[in-house]
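K.L.:
Heads up: the protein sequence lines correspond to chains A and S, in order.
Residue numbers for the first sequence follow our numbering, beginning at 238 and rising by one.
Residue numbers for the second sequence follow our numbering, beginning at 238 and rising by one.
There are 2 protein chains.
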Amino acid sequence: MRILVCNDDGIESNGIFALAEALKEIGEVTVIAPLIEQSAVGHAITMQIPLRVTESFKNGKFFGYAVSGTPADCVKIGIRNILKETPDLVVSGINHGSNTAINIIYSGTVSAAREAAIMDVPSMAVSITSHFATDFRFAGKMSRMLALKIVKEGLPIGTLLNVNVPDLPEEKISGIVLTRQGKSKWDDIYEERKDPQGKNYYWLTGNLMEVDNELNIDQHAVRNNYVSVSPIHFDLTDYETYNKMKSWKIEEMLNGKNH
Amino acid sequence: MRILVCNDDGIESNGIFALAEALKEIGEVTVIAPLIEQSAVGHAITMQIPLRVTESFKNGKFFGYAVSGTPADCVKIGIRNILKETPDLVVSGINHGSNTAINIIYSGTVSAAREAAIMDVPSMAVSITSHFATDFRFAGKMSRMLALKIVKEGLPIGTLLNVNVPDLPEEKISGIVLTRQGKSKWDDIYEERKDPQGKNYYWLTGNLMEVDNELNIDQHAVRNNYVSVSPIHFDLTDYETYNKMKSWKIEEMLNGKNH
Numbered sequence: 238m239r240i241l242v243c244n245d246d247g248i249e250s251n252g253i254f255a256l257a258e259a260l261k262e263i264g265e266v267t268v269i270a271p272l273i274e275q276s277a278v279g280h281a282i283t284m285q286i287p288l289r290v291t292e293s294f295k296n297g298k299f300f301g302y303a304v305s306g307t308p309a310d311c312v313k314i315g316i317r318n319i320l321k322e323t324p325d326l327v328v329s330g331i332n333h334g335s336n337t338a339i340n341i342i343y344s345g346t347v348s349a350a351r352e353a354a355i356m357d358v359p360s361m362a363v364s365i366t367s368h369f370a371t372d373f374r375f376a377g378k379m380s381r382m383l384a385l386k387i388v389k390e391g392l393p394i395g396t397l398l399n400v401n402v403p404d405l406p407e408e409k410i411s412g413i414v415l416t417r418q419g420k421s422k423w424d425d426i427y428e429e430r431k432d433p434q435g436k437n438y439y440w441l442t443g444n445l446m447e448v449d450n451e452l453n454i455d456q457h458a459v460r461n462n463y464v465s466v467s468p469i470h471f472d473l474t475d476y477e478t479y480n481k482m483k484s485w486k487i488e489e490m491l492n493g494k495n496h
Numbered sequence: 238m239r240i241l242v243c244n245d246d247g248i249e250s251n252g253i254f255a256l257a258e259a260l261k262e263i264g265e266v267t268v269i270a271p272l273i274e275q276s277a278v279g280h281a282i283t284m285q286i287p288l289r290v291t292e293s294f295k296n297g298k299f300f301g302y303a304v305s306g307t308p309a310d311c312v313k314i315g316i317r318n319i320l321k322e323t324p325d326l327v328v329s330g331i332n333h334g335s336n337t338a339i340n341i342i343y344s345g346t347v348s349a350a351r352e353a354a355i356m357d358v359p360s361m362a363v364s365i366t367s368h369f370a371t372d373f374r375f376a377g378k379m380s381r382m383l384a385l386k387i388v389k390e391g392l393p394i395g396t397l398l399n400v401n402v403p404d405l406p407e408e409k410i411s412g413i414v415l416t417r418q419g420k421s422k423w424d425d426i427y428e429e430r431k432d433p434q435g436k437n438y439y440w441l442t443g444n445l446m447e448v449d450n451e452l453n454i455d456q457h458a459v460r461n462n463y464v465s466v467s468p469i470h471f472d473l474t475d476y477e478t479y480n481k482m483k484s485w486k487i488e489e490m491l492n493g494k495n496h
């Protein structure tokens with residue numbers, strides 16, 4: 238099995254090193270990741286400037302390819318130009334911090350896996366709940382087990398798994414649950430400061446407003462020490478509203494009958 | 238009606254000027270847009286560096302607020318810090334180039350409107366099919382008519398409209414259709430070049446592979462000179478796969494029974 242490993246924290250992060258090590262036990266791993274941290278870049282792709290690709294080393298040994306772009310760029314250029322063959326699986330992570338509920342929208346980690354799904358390659362994003370995690374053993378084990386599970390069961394074209402693992406040793410994990418995306422979101426605060434020249438600048442900060450309270454919802458699952466596994470896709474159509482909007486009769490708007 | 242106008246092409250673009258002018262006829266417009274073009278940044282938000290906000294002028298008159306960040310940043314800081322009251326509507330555009338099918342995922346224009354939906358504010362993204370459009374009269378008229386329609390009919394919390402308008406005069410428009418997101422996507426090509434120092438760099442280019450062939454699909458609609466109106470949301474859960482994955486029995490994976 239050929240596995241492309243990517244992330245959004247950058248090729249130097251501990252999470253991607255742990256992920257690559259964990260997956261080497263089950264396949265041939267190629268690491269292709271951003272040169273510089275790309276957290277919260279969403280599904281950005283680089284079109285205004287060209288990309289550079291350089292080799293990256295760890296402990297004096299070749300570790301992978303660093304791309305001067307976003308997580309989605311890494312998967313695109315990785316599959317199109319760097320790898321000789323399309324990989325069997327793309328795994329993105331291990332992200333430092335949860336990618337549950339609304340964070341899925343902002344996440345570069347999830348977007349890298351989603352780009353793979355767009356390119357018809359099975360994929361998975363893996364995150365650990367703490368930004369300060371240092372022990373990736375259980376998250377690495379879960380990544381390996383779920384990678385094998387994806388290969389065994391198969392995922393529909395265009396669907397990826399979004400996995401969130403509590404930052405706990407295995408014996409403290411409550412279990413694994415199949416989940417859907419929660420509705421918790423951020424109460425944003427822009428902290429206003431003044432620079433040495435007296436001009437204003439703003440830092441984004443805020444608090445996650447937790448509204449999810451069922452075990453089959455990602456944010457509630459990790460909050461209760463469960464590993465959360467959600468299938469997600471990139472069809473954003475709101476079919477329920479689509480059906481309701483038939484009563485709007487928008488096709489008549491230009492006739493002057495309906496406005 | 239108080240309307241926040243945003244885009245991803247930047248505050249200097251012709252499309253946002255046309256949109257602001259069109260919407261001034263039906264409400265009080267505040268323009269809050271990126272200082273620099275942000276095409277294809279997806280739902281990126283700025284967290285690694287602080288934001289700056291400056292006033293922007295056109296023809297010697299105050300036009301709006303320029304934010305040193307992404308389209309989603311503009312909506313967040315606009316609603317949280319710049320505006321005194323939450324707007325009644327956010328309209329993002331008029332984008333130069335279609336945001337149909339897979340482009341919705343990459344689009345900063347759509348992400349700005351989506352950020353408004355996340356903040357519970359009704360919203361709409363408007364794009365014109367040509368990157369080189371110069372006549373925004375019909376797209377402006379459609380924006381105004383659909384803005385009034387949203388206010389009249391109401392949109393569910395978390396749902397936004399994604400509108401694509403052919404770059405044609407009104408008499409050549411076939412009609413308006415309610416659509417869903419298409420499956421057309423890019424065949425990416427990274428064009429390799431050498432810089433003056435002889436080092437490689439890569440430009441992203443490619444061709445849209447059109448697979449959509451029904452009038453109620455966004456890409457096919459605009460291709461046939463229809464205005465396309467799609468309701469989209471930000472729940473990425475793939476419910477069909479969610480139901481199918483119950484047979485995976487992932488909750489048993491740690492018991493050693495299922496791997």
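Note that CB positions come from ideal geometry on N, CA and C, so glycine has one too.
These figures come from a predicted structure and were not determined experimentally.
Let me know if Asn-296/S comes out buried or exposed under the rule of 16 or more other beta-carbons within 10 Å of its beta-carbon.
P.N.:
Counted from its first residue, the second sequence places residue 296/S at position 59. Asn-296/S is exposed by the Cβ-count criterion.
K.L.:
Taking only beta-carbon positions, decide if Leu-320/S is within less than 9 Å of chain A.
P.N.:
Translated into the one-based positions of the second sequence, residue 320/S becomes position 83. Not an interface residue.
K.L.:
Do we get a CB-CB distance below 9 Å when we pair Gln-456/A with the residues of chain S?
P.N.:
One-based indexing of the first sequence puts residue 456/A at position 219. It does not; no Cβ of chain S falls within 9 Å.
K.L.:
Whose C-alpha, out of Glu-352/S, Leu-452/S and Thr-366/S, is nearest the C-alpha of Ser-360/S?
P.N.:
Sequence index remark: in the second sequence, residue 360/S carries index 123 (1-based). Of the listed residues, the one whose Cα sits closest to Ser-360/S is Glu-352/S.
K.L.:
Along the alpha helix (DSSP H) that carries Met-382/A, what are the first and last residues, could you check?
P.N.:
Position 145 of the first sequence, counting from 1, holds the residue named residue 382/A. Run containing Met-382/A: 374-390, per the alpha helix (DSSP H) assignment.
K.L.:
For Ser-364/S versus Ile-331/S, is the C-beta distance shorter than 9 Å?
P.N.:
In the second sequence, residue 364/S corresponds to position 127, counting from 1. In the second sequence, residue 331/S corresponds to position 94, counting from 1. Cβ distance < 9 Å, so Ser-364/S and Ile-331/S count as in contact.
K.L.:
In whole angstroms, what separates the C-alpha of Ile-269/S from that of Ile-263/S?
P.N.:
In the second sequence, the residue the question calls residue 269/S occupies position 32. In the second sequence, the residue the question calls residue 263/S occupies position 26. Cα-Cα distance, rounded: 18 Å.
K.L.:
In the DSSP assignment, find the beta strand (DSSP E) that holds Phe-294/S and state where it starts and stops.
P.N.:
Counted from its first residue, the second sequence places residue 294/S at position 57. 290-295 is the extent of the beta strand (DSSP E) around Phe-294/S.
K.L.:
Do we get a CB-CB distance below 9 Å when we pair Pro-406/A with the residues of chain S?
P.N.:
As a position in the first sequence, residue 406/A is number 169, starting the count at 1. Cβ-Cβ to chain S under 9 Å: no for Pro-406/A.
K.L.:
Which residues of the stretch 263-291 of chain A have a Cβ closer than 8 Å to any Cβ of chain S? Give them in chain order.
P.N.:
Glu-274, Ser-276, Ala-277, Val-278, Gly-279, His-280, Ala-281, Ile-282, Thr-283, Met-284, Gln-285, Pro-287, Leu-288, Arg-289 and Val-290
K.L.:
Who are the Cβ neighbours of Lys-494/A in its own chain at under 6 Å, not counting the five residues just before and after it?
P.N.:
Stepping through the first sequence from its first residue, residue 494/A is reached at position 257. Note that Lys-494/A scores a pLDDT of 48, beneath 50, so its modelled location is shaky and nothing firm can be said.
K.L.:
Using only the alpha-carbon positions, how far apart do Gly-435/S and Thr-442/S sit?
P.N.:
Taking the second sequence and counting its residues from 1, the one referred to as residue 435/S is at position 198. Taking the second sequence and counting its residues from 1, the one referred to as residue 442/S is at position 205. Whole-angstrom Cα-Cα distance: 21 Å.
K.L.:
How about Gly-377/A and Ser-348/S: do their beta carbons lie closer than 9 Å?
P.N.:
As a first step, residue 377/A is located in the first sequence; it is residue number 140 there, counting from the start. As a first step, residue 348/S is located in the second sequence; it is residue number 111 there, counting from the start. Their beta carbons are not under 9 Å apart, which means Gly-377/A does not touch Ser-348/S by this criterion.
K.L.:
Are the beta-carbon atoms belonging to Ile-387/S and Thr-416/S less than 9 Å from one another?
P.N.:
Here residue 387/S is taken as the residue at index 150 of the second sequence, counted from 1. Here residue 416/S is taken as the residue at index 179 of the second sequence, counted from 1. No, these two residues do not count as a Cβ contact at 9 Å.
K.L.:
Check Asn-495/S in the structure and name its three-state DSSP category.
P.N.:
Within the second sequence, numbered from 1, the residue matching residue 495/S stands at position 258. Model confidence at Asn-495/S stands at a pLDDT of 42, short of 50, so the residue's coordinates are unreliable and nothing is read from them.
K.L.:
Taking the Cβ atom as the reference point for each residue, do Leu-288/S and Trp-423/A lie within a distance shorter than 9 Å?
P.N.:
Here residue 288/S refers to the residue found at position 51 of the second sequence. Here residue 423/A refers to the residue found at position 186 of the first sequence. No, these two residues do not count as a Cβ contact at 9 Å.
K.L.:
Under 7 Å between beta-carbons, which chain S residues line up against Asp-472/A? List them in chain order, please.
P.N.:
Along the first sequence, read from residue 1 onward, the residue named residue 472/A stands at position 235. Correct list: Gln-418.
K.L.:
Does the ligand COA have a heavy atom nearer than 8 Å to the CB of Leu-397/S?
P.N.:
Within the structure as shown, the ligand COA is missing, as the structure has no ligands at all.
K.L.:
Quick one: does Leu-491/A have its CB under 9 Å from some CB of chain S?
P.N.:
By one-based count along the first sequence, residue 491/A stands at place 254. Yes, contact with chain S.
K.L.:
In terms of residues, what are the limits of the beta strand (DSSP E) holding Glu-265/S?
P.N.:
Start at 1 with the first residue of the second sequence, and residue 265/S comes out as number 28. Per DSSP, Glu-265/S belongs to the beta strand (DSSP E) from 265-271.
K.L.:
Are the beta-carbon atoms of His-333/A and Ser-367/A separated by less than 9 Å?
P.N.:
Your numbering for residue 333/A matches position 96 in the first sequence. Your numbering for residue 367/A matches position 130 in the first sequence. Yes, these two residues count as a Cβ contact at 9 Å.
K.L.:
Tell me the DSSP secondary structure of Thr-346/A in three-state form.
P.N.:
For the purposes of this step, residue 346/A is taken as the residue at position 109 of the first sequence. Helix at Thr-346/A.
K.L.:
Am I right that Asp-310/S and Thr-283/S are in contact with their C-beta atoms under 8 Å? What's the rounded C-beta distance?
P.N.:
In the second sequence, counting from the first residue as 1, residue 310/S sits at position 73. In the second sequence, counting from the first residue as 1, residue 283/S sits at position 46. That belief holds up - the Cβ atoms of Asp-310/S and Thr-283/S are roughly 5 Å apart, short of 8 Å.
K.L.:
Can a CB atom of chain S be found closer than 9 Å to the CB of Val-459/A?
P.N.:
For the purposes of this step, residue 459/A is identified with residue 222 of the first sequence, where counting begins at 1. So no, Val-459/A is outside the interface.
K.L.:
In chain S, which residues lie with their C-beta within 7 Å of the C-beta of Val-414/A?
P.N.:
The residue labelled residue 414/A in the question sits at position 177 within the first sequence. Here the neighbours are Glu-488.
K.L.:
Beta-carbon of Thr-346/A versus every beta-carbon of chain S: anything under 9 Å?
P.N.:
Here residue 346/A refers to the residue found at position 109 when the first sequence is read from its first residue. Among the residues facing chain S, Thr-346/A is not included, as its CB has no counterpart in that chain under 9 Å away.
K.L.:
Using the C-alpha atoms, what's the distance from Asp-432/S back to Ile-316/S?
P.N.:
Along the second sequence, read from residue 1 onward, the residue named residue 316/S stands at position 79. Along the second sequence, read from residue 1 onward, the residue named residue 432/S stands at position 195. Computed Cα separation, rounded: 43 Å.
K.L.:
CB Tyr-265/A to CB Trp-485/S, shorter than 9 Å?
P.N.:
By 1-based counting over the first sequence, the position of residue 265/A is 28. By 1-based counting over the second sequence, the position of residue 485/S is 248. A small fix is needed here, since residue 265/A is Glu in this sequence, not Tyr. For Glu-265/A and Trp-485/S, no; Cβs fall outside 9 Å.
K.L.:
Keeping to the same chain, check which residues put their C-beta closer than 6 Å to that of Glu-274/S; ignore five residues upstream and five downstream.
P.N.:
Mapped onto the second sequence, residue 274/S falls at position 37. Take Glu-274/S, set aside five residues on each side of it, and the residues of its chain with a beta-carbon closer than 6 Å to its own are Asp-246 and Gly-247, in chain order.
K.L.:
What are the residues in the stretch 370-391 of chain S lying within 7 Å of chain A by C-beta distance?
P.N.:
Correct list: Met-382, Leu-385, Lys-386 and Glu-390.
K.L.:
Going along the chain, which unbroken runs of the alpha helix (DSSP H) with 4 or more residues stay wholly within the stretch 466-494 of chain S?
P.N.:
You should have 476-481.
K.L.:
To which residues of the same chain is Val-290/S closer than 6 Å at the C-beta, ignoring the five residues directly before and after it?
P.N.:
Along the second sequence, one-based indexing puts residue 290/S at 53. Once the five neighbours on either side are set aside, the close Cβ partners of Val-290/S are Tyr-302 and Val-304.
K.L.:
Can you have a look at Ala-257/A and say buried or exposed, based on whether 16 or more other CB atoms are within 10 angstroms of its CB?
P.N.:
On the first sequence, position 20 is the one that residue 257/A refers to. Residue environment for Ala-257/A: buried (at least 16 other C-beta atoms within 10 angstroms of its C-beta).
K.L.:
Of all the CB atoms in chain S, is at least one closer than 9 Å to the CB of Met-446/A?
P.N.:
Taking the first sequence and counting its residues from 1, the one referred to as residue 446/A is at position 209. It does not: the Cβ of Met-446/A has no partner Cβ on chain S nearer than 9 Å.
K.L.:
So which residues on chain A does Thr-323/S lean against when the C-beta distance must stay under 8 Å?
P.N.:
Numbered from 1 along the second sequence, position 86 holds the residue referred to as residue 323/S. By Cβ distance, chain A contributes nothing, its closest Cβ being about 13 Å from Thr-323/S, past 8 Å.
K.L.:
Taking only beta-carbon atoms, is Ala-309/S less than 9 Å away from chain A?
P.N.:
Locating residue 309/S in the second sequence gives position 72, where the first residue counts as 1. Chain A, which has a Cβ nearer than 9 Å to the Cβ of Ala-309/S, makes this yes.
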